[in-house]
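In my numbering, the protein residues as written are 64 to 115.
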């Protein structure tokens, strides 16, 4: 379910921010290269605390 939400958010942001690169946060951040001239939006989900 979380992945579905993240994919939906990715699609929405891609449509709303066509001037930027929109992608998931890389598995290996040290290997990420920002190639877009204006910048990027990197989506990440760290954890949830449902029920707390």
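Ideal Cβ positions, reconstructed from N, Cα and C, are used throughout, including at glycine.
- Minimum Cα-Cα distance from residue 74 among the listed residues 104, 89, 112, 109 corresponds to 104.
- Shortest Cα-Cα distance from residue 109 to any of 87, 81, 79, 82 involves 87.
- For residue 92, the closest of 66, 68, 106 by C-alpha to C-alpha distance is 106.
- Just measuring C-alpha positions, the residue of 90, 72, 98 sitting nearest residue 84 is 98.
- A direct Cα-Cα distance of roughly 8 angstroms separates residue 82 from residue 102.
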